[in-house]
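Here is the structure we will look at.
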Amino acid sequence: FSQNCDRRRRGLWENFPAYGVRQRRFPRGQEDYDRLRPLSYQEVNLVVICYDVTNPTSFDNVTIKWYPEVRHFCRDVPIILIGCKTDLRKDKEKMRKLKALDLEPITYLQGEEIKKQMNAEIYLECSAKYRENVEDIFREATKRALSARAKARHRRKKKKRCTIL
170 FSQNCDRRRR GLWENFPAYG VRQRRFPRGQ EDYDRLRPLS YQEVNLVVIC
220 YDVTNPTSFD NVTIKWYPEV RHFCRDVPII LIGCKTDLRK DKEKMRKLKA
270 LDLEPITYLQ GEEIKKQMNA EIYLECSAKY RENVEDIFRE ATKRALSARA
320 KARHRRKKKK RCTIL
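Okay, structure coming up:
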């Protein structure tokens with residue numbers, strides 16, 4: 170999409186032209202979009218699944234909701250797993266609230282373990298608030314998406330060959 174996309178799409182797509190990346194973004198109440206979301210999976214080269222490292226429900230949704238859906242609609246598409254909001258692991262108020270609920274933040278090792286279970290390409294963590302690892306994530310995503318696209322094109326070219334015996 171170009172920067173001049175029409176108003177209907179403007180609320181759903183974010184563009185990152187410097188990286189050649191487009192991101193599908195759903196407004197709050199994403200459950201309403203369960204039927205529409207699969208339409209955005211067509212011709213995807215890479216899926217980035219993100220969760221909040223201080224929200225165990227968000228982490229659980231990776232394996233309960235997002236990974237199964239992605240594998241259903243994007244069988245051979247590579248996945249990158251991202252743990253977000255790492256700065257909140259040091260936020261005393263957030264930690265107090267988690268402890269009151271008898272919960273803990275998700276550790277880096279837990280993220281790595283889920284990455285292995287999902288057979289994801291890579292697991293990274295970031296803090297957008299402090300701009301930690303954000304550029305690295307976009308760099309990795311772009312590199313892996315372009316690589317996946319090249320492989321997909323190569324496979325399509327191979328399939329177009331006709332052999333007659």
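Quick note: to get the numbering used here, add 169 to the position in the sequence shown (first position is 1). For glycine and all other residues, C-beta sits at the position ideal for the given N, C-alpha and C.
### Nearest to F307 (by Cα), restricted to the options L267, P207, L215 and F228
Along the sequence shown, read from residue 1 onward, the residue named residue 307 stands at position 138. When each option's Cα is compared against that of F307, the closest is L215.
### Query
Residues bridged to E304 by DSSP?
On the sequence shown, residue 304 is found 135 positions in, with the first residue counted as 1. Answer is none; E304 lacks a bridge partner.
#### Entry: Own chain residues within Cβ distance below 8 angstroms of Q286, not counting five before or after
Position 117 of the sequence shown holds residue 286. Counting only Cβ-Cβ distances below 8 angstroms, and skipping sequence neighbours, we find T232.
### Task
Can you tell me which of R265, A289 and E273 puts its alpha carbon nearest to the alpha carbon of V222?
On the sequence shown, position 53 is the one that residue 222 refers to. Of the candidates R265, A289 and E273, the one whose C-alpha sits nearest the C-alpha of V222 is E273.
### A297 to S227 span [Cα, whole Å]
Residue 297 sits at position 128 when you count from the first residue of the sequence shown. Residue 227 sits at position 58 when you count from the first residue of the sequence shown. A297 and S227: Cα-Cα distance of roughly 17 angstroms.
### Message
According to DSSP, simplified to helix, strand and coil, what is I233?
### Response
Counting from one through the sequence shown, the residue named residue 233 turns up at place 64. Three-state DSSP puts I233 in a helix.
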